[in-house]
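Visitor: So for the sequence shown, our numbering puts the first residue at 30; every next one is plus one.
My structure is below; once you've seen it, I'll send some questions.
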Amino acid sequence: MRYFITGGAGFIGSSVCARLLGANQDDSVTVFDNLSFGRESYIAPHYPNPRFRFVKGDLLNPEEIRAAIQGHDFVFHFAANADISKAMTQTDLDVKLTIVATYNLLEAMRLAGVGKIVYSSGSGVYGDVGTTETAEDFGPLLPISLYGASKLGAEGLISAFSHMFDMQAWIFRFANVIGGRQTHGVILDFINKLKADPTRLEILGNGKQSKSYIHVTDIMDAIFFVVECGSERVNLFNIATVDYITVREIAERVMAEMRLSGVKLSFSASDRGWKGDVPVVRFDLDKIHSLGWKAKHSSREAVDRTIREILESRL
Ligand SMILES: NC(=O)c1ccc[n+]([C@@H]2O[C@H](COP(=O)([O-])OP(=O)(O)OC[C@H]3O[C@@H](n4cnc5c(N)ncnc54)[C@H](O)[C@@H]3O)[C@@H](O)[C@H]2O)c1
């Protein structure tokens, strides 16, 4: 197989790249990334490998993506805007980096005859529905952030291209994905803040935000498991842990791992970290569980492992 990974220098993409190169000695991998959020150090170890190629390119440039995608069989599409709150000041960011970028990719796939795509969507498509456990067929889908709205738009484009141009797609709605390589997110934010000032920690929101946090190794297991058995034209799956953890508990676990005590915590009055943040997220996981897949780490285990991985890798 000749794999093509957009956003392959980022957190999840580089993890998938390493797994693909390690899995089958006949497979080759091309990473396509503009390094806007990703890190070259995540892919540089593969440079000597003749089965690996890095193309520094931008999905917003149709010529670049059309040239790079020639000769591939299977696309993993991870490139996106990583900073959800930035849409408050830059309203076209997600529209460009998710909707326009996904269209450019799908059109390049169509022209080059590349027929299979894995897409990384998220819980943001469901909107703010409190403690309702959302199954894949939940509706109406009314996102409350431009990030969520753009993910939904990209899902629609992928479905339409699949049906009109004989492609096959696996769309995953992930919980919060965490791991040592993460380039953003609450755990990294807390660690960075506490390193800068170990006496105090500012928490965005009231700390009661409650969500599933899944380790990137579980995400990869789920993706490869589902791609093997999902045979529909468009395969749609929620991927999360069965448990949930609050932002306050994450802060406590970070402080414990960093062996800090007496840290003064400050909260904001709002129930959410920023406009567009969904404070409570609950997934219905019956569909993927019925196939026989479950996350190996709970949210707490994933958080603890991630804290240790970040602290060890960024000493
Ligand atoms: N991390 C999570 O918690 C989570 C949850 C749900 C969905 N997702 C989705 O999974 C995907 C990967 O997330 P991640 O956490 O690895 O993010 P990331 O920021 O680490 O990786 C995204 C990569 O895309 C690249 N990129 C951005 N714009 C690009 C462009 N125009 N052209 C080429 N490359 C570009 C960046 O340089 C980066 O390497 C994203 O689509 C994200 O929305 C992530």
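The beta carbon of each residue, even a glycine, is placed where N, CA and C say it ideally should be.
Taking A38 as the reference, give the member of L64, H326, V215 with the closest Cα.
Guide: Mapped onto the sequence shown, residue 38 falls at position 9. Selected option, being the one with the closest Cα: L64.
Visitor: Kindly examine ligand 1 and report whether one of its heavy atoms sits closer than 7 Å to the Cβ of F203.
Guide: Indexing the sequence shown from 1 puts residue 203 at position 174. At least one heavy atom of ligand 1 is nearer than 7 Å to the Cβ of F203, so yes.
Visitor: Using CA coordinates, which residue listed in M30, L89, C258 is at the minimum distance from G321?
Guide: Sequence index remark: in the sequence shown, residue 321 carries index 292 (1-based). For G321, the nearest C-alpha among the options comes from C258.
Visitor: Rounding to the nearest angstrom, what Cα-Cα distance links S260 and S191 in this structure?
Guide: Here the question's residue 260 lines up with position 231 in the sequence shown. Here the question's residue 191 lines up with position 162 in the sequence shown. Looking at the two C-alpha atoms, the distance is approximately 13 Å.
Visitor: List the DSSP bridge partners of S57.
Guide: By one-based count along the sequence shown, residue 57 stands at place 28. S57 pairs with R31.
Visitor: Compute the Euclidean distance between the alpha carbons of G86 and R68, then round it to the nearest angstrom.
Guide: Here residue 86 corresponds to residue number 57 of the sequence shown, with the count starting at 1. Here residue 68 corresponds to residue number 39 of the sequence shown, with the count starting at 1. Taking the straight line from one Cα to the other gives about 14 Å.
Visitor: From the DSSP output, which residues share a beta bridge with Y242?
Guide: Looking up residue 242 in the sequence shown gives position 213. DSSP, once it has assigned bridges, lists N205 as partnering Y242.
Visitor: List the whole-angstrom C-beta distance separating L233 from G177, where the pair is believed to meet the contact cut-off of C-beta under 8 Å.
Guide: The residue labelled residue 233 in the question sits at position 204 within the sequence shown. The residue labelled residue 177 in the question sits at position 148 within the sequence shown. About 18 Å separates the two Cβ atoms, so there is no contact after all.
Visitor: Below 8 Å on the Cβ atoms is my contact criterion, and I expect L294 with A280 to pass it. Report the Cβ-Cβ distance as a whole number of Å.
Guide: Position 265 of the sequence shown, counted from the start, is the residue given in the question as residue 294. Position 251 of the sequence shown, counted from the start, is the residue given in the question as residue 280. The pair is a contact, with the Cβ atoms about 7 Å apart (cut-off 8 Å).
Visitor: For ligand 1, any of its heavy atoms closer than 7 Å to the Cβ of N63?
Guide: As a first step, residue 63 must be located in the sequence shown, where it is residue number 34. Flag set: Cβ of N63 near ligand 1.
Visitor: Short check: CB of L122 to CB of I187, under 8 Å?
Guide: Start at 1 with the first residue of the sequence shown, and residue 122 comes out as number 93. Start at 1 with the first residue of the sequence shown, and residue 187 comes out as number 158. It is not a contact, given that the beta carbons lie outside the stated cut-off.
Visitor: Shortest alpha-carbon distance to E330 belongs to which of N110, V263, S290, V206?
Guide: Within the sequence shown, residue 330 is the residue found at index 301, counting from 1. Among N110, V263, S290, V206, the Cα nearest to that of E330 is on V206.
Visitor: Based on the DSSP output, what are the partners of N267 in its beta bridges?
Guide: Here residue 267 refers to the residue found at position 238 when the sequence shown is read from its first residue. Paired residue(s): R202.
Visitor: For L181, does the three-state DSSP call read helix, strand or coil?
Guide: For the purposes of this step, residue 181 is identified with residue 152 of the sequence shown, where counting begins at 1. Note: L181 maps to helix in three-state DSSP.
Visitor: Using only alpha-carbon positions, find the residue among R334, F266, M117 that is nearest to T163.
Guide: Here residue 163 is taken as the residue at index 134 of the sequence shown, counted from 1. Checked all of R334, F266, M117; the closest Cα to T163 is F266.
Visitor: Nearer than 7 Å: is that true of the beta carbon of G214 relative to any heavy atom of ligand 1?
Guide: Translated into positions along the sequence shown, residue 214 becomes position 185. Answer for G214: yes, Cβ within range of ligand 1.
Visitor: With DSSP collapsed to three states, give me the class of I173.
Guide: Numbered from its first residue, the sequence shown carries residue 173 at position 144. I173: coil per DSSP, three-state reduction.
Visitor: Put G234 into one of helix, strand or coil per three-state DSSP.
Guide: Within the sequence shown, numbered from 1, the residue matching residue 234 stands at position 205. Here G234 sits in coil by DSSP.
Visitor: Skipping 5 residues on each side, what residues in its chain have a beta carbon closer than 6 Å to that of R82?
Guide: Position 53 of the sequence shown, counting from 1, holds the residue named residue 82. Excluding sequence neighbours, R82 sits near T59.
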